[in-house]
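Colleague: Pasting in a structure now, in C-alpha cells, and then I'll have a few things to ask.
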Amino acid sequence: MLNIIKILVFPILSTSVVAHASNDVEINTITSTALTVCTTGDYPPLTSYNTKTKKYEGFAPKVVRKFAQYMKLDLEFQRTTWQSLSSDLLAKKCDLAIGGITYTLGRSQLFYLTEPIIKSKKAVLFSKENAHLFKSFSDIDKKENLIIENKGGTNEVYTKKIIENAPIRIIENNIAVFHCFEKYHKKPYVMFTDSVEVEYRSSTADSVLSSSGLNIALRNNPESYKVYMANQTIKGKALVLAMNGFIKTYRKEIDQWYQESLKQPYYEEEAVCPF
C-alpha cells in the first residue's frame, strides 16, 4: 500500500477533485512503495486480464502504469469484481480502483474521484442479425425481447431503472454476456452498456454485434465519464490529486492511449453463457 511520509504544497496538482477535495489543499508526498490497484479485468478495451501472459491490458492499466512511472511507484494489481469493487477499496485491499468506472453521485459520496478520464454514456448492444428489429427504445422494451446485464455495475442499475416490459437476466460475469450473444445471435437479446464497450465489441474481427445501437436515443442518459476512485483519506486525497495532475499534464497522450486501446486485440478468459 502507499506510504505517506510528509506534507508539502504541490501547486501543479491543485486541480479540482470530483468528490469535493478542495483546490487549495496541501497534498502529501507519496514514497516509492507499492501502488496497489483494483480492477475487474473483464471490460476491454478499458481493462482486460490476459490469461496467457497473466498481465492486465487495456486503456486503464496503461494509464496507471504510466502514472506509476511518473510518480516512481511500484505497481501491483489486485483482481476484483463489479460486485465487490467498492467494498474491496473500502477494505483497503487497494489504493486505487480503475477500469470502466462511471461517475455516480453515490460513488462521489463514498470515495475521492479523479477528473474525467474519458467521456461516455449508455448505449445499446445487440446482434447484427437483429439490428433491423431495434430502431428505437420502444422497440427494445418489449416482452418478447431479453435484456442481459452483468451483475453489480451501473449497467444493471440503469437497466432496472428504464426497462418496464422486457424481462431482464443478470449474469455474474461481464464476459459471459458476450458469449450469450455469440451463442444466441439470432435471438432478440439486448444489453445496455457504455458506448465505449459497444464501439469496441462491435468492431472486433468476426464480431456478431452491431454498432447501430449507438444511435438509439435512451431515457435518463446524460453524458457521463469514466473516473478512478480512492478512499476518502489523506493518502486517498493525495493520490487523486496526483492523478489529476498527471491527467492534466498528459491529456494528449491519454487520449492517444485510449484510441490505441480500441484497436488492440485482447485475449480474454473463457466465460460460458449460463443458459
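Those letters in the sequence shown? Residues -21 to -1, 1 to 254, by mature numbering (1 follows the signal peptide of the UniProt record, and there is no 0). We put the CB at the ideal spot given by N, CA and C, even for glycine.
Taking the continuous alpha helix (DSSP H) assigned at N134, which residues delimit it?
Modeller: Residues 133 to 141.
Colleague: Could you check whether I127 and R148 sit closer than 8 Å to each other, using their CB atoms as the reference points?
Modeller: Contact: yes.
Colleague: With three or more beta-carbon pairs closer than 8 Å as the criterion, would you say the segment 106 to 122 touches the segment 138 to 146?
Modeller: Yes, the segment 106 to 122 touches the segment 138 to 146.
Colleague: Would S174 pass as a contact of R180 if the rule is Cβ separation under 8 Å?
Modeller: Going by C-beta atoms, S174 is not nearer than 8 Å to R180.
Colleague: What would DSSP say about S189, mapped onto helix, strand or coil?
Modeller: Three-state result, S189: coil.
Colleague: According to DSSP, what are the bridge partners of T18?
Modeller: DSSP, once it has assigned bridges, lists R58 as partnering T18.
Colleague: Could you give the DSSP three-state label for V103: helix, strand or coil?
Modeller: DSSP places V103 in strand when its eight states are reduced to three.
Colleague: Once DSSP output is grouped into helix, strand and coil, what is the label at L92?
Modeller: Strand.
Colleague: Does the segment 105 to 112 come into contact with the segment 46 to 66, if we say contact requires no fewer than three beta-carbon pairs (one atom in each stretch) closer than 8 Å?
Modeller: These segments do not touch.
Colleague: To the nearest angstrom, how far is the alpha carbon of C17 from that of Y229?
Modeller: Spanning the two alpha carbons is a distance of roughly 22 Å.
Colleague: Among L52, N134, Y246, which one has its Cα closest to the Cα of N199?
Modeller: Comparing Cα-Cα distances from N199 to each of L52, N134, Y246, the minimum goes to N134.
Colleague: Can you check DSSP and say which residues form a bridge with R148?
Modeller: Beta-bridge pairing links R148 to I127.
Colleague: Using 8 Å for Cβ pairs, my map puts L14 next to A47. What's the rounded Cβ distance?
Modeller: Their Cβ separation, rounded to whole angstroms, is 5 Å, which keeps L14 and A47 in contact under 8 Å.
Colleague: Using the Cβ count rule (16 or more neighbours within 10 Å means buried), how would you classify S191?
Modeller: The residue is buried, with at least 16 neighbouring Cβ atoms inside 10 Å.
Colleague: Measuring only the C-alpha atoms, how far is F225 from T26?
Modeller: Taking the straight line from one Cα to the other gives about 19 Å.
Colleague: Does the beta-carbon of E176 have 16 or more other beta-carbons within 10 angstroms, so that it is buried, or is it exposed?
Modeller: Counting Cβ neighbours within 10 Å, E176 comes out buried, since at least 16 surround it.
Colleague: With DSSP as the reference, label S115 as helix, strand or coil.
Modeller: Of the three classes helix, strand and coil, the one that applies to S115 here is coil, per DSSP.
Colleague: If you drop the 5 nearest sequence neighbours on each side, which residues of the same chain put their C-beta closer than 6 Å to that of G132?
Modeller: If we look at G132 and ignore the five residues flanking it on each side, its Cβ neighbours are W61.
Colleague: Hey, T204 and I97 are a contact pair by Cβ (cut 8 Å); roughly how many whole angstroms apart?
Modeller: A small correction: the amino acid at residue 204 is Tyr; Thr does not occupy that position in the sequence shown. Right, the Cβ-Cβ distance comes to about 6 Å (below 8 Å), so this counts as a contact.
Colleague: Determine whether the beta carbon atoms of Y82 and V206 lie at a separation below 8 Å.
Modeller: Cβ atoms of Y82 and V206: closer than 8 Å.
Colleague: Could you round the C-beta distance between N129 and P167 to whole angstroms and report it? I think they count as a contact, below 8 Å.
Modeller: 19 Å between Cβ atoms; not a contact.
Colleague: With C-beta atoms as the reference, is L193 less than 8 Å away from E178?
Modeller: Contact flag set, yes.
Colleague: When burial is assigned at 16 or more other CB atoms within 10 Å of the CB, is F254 buried or exposed?
Modeller: By the 10 Å Cβ count, F254 comes out exposed.
Colleague: With DSSP collapsed to three states, give me the class of A39.
Modeller: Reduced to three states, the DSSP call for A39 is helix.
Colleague: Could you tell me which residues DSSP puts in a beta bridge with T81?
Modeller: According to DSSP, which records beta bridges pairwise, T81 is partnered with K205.
Colleague: Between K101, V43, Y245, which lies nearest to Y137 when the distance is taken from Cα to Cα?
Modeller: Here the closest residue by C-alpha is K101.
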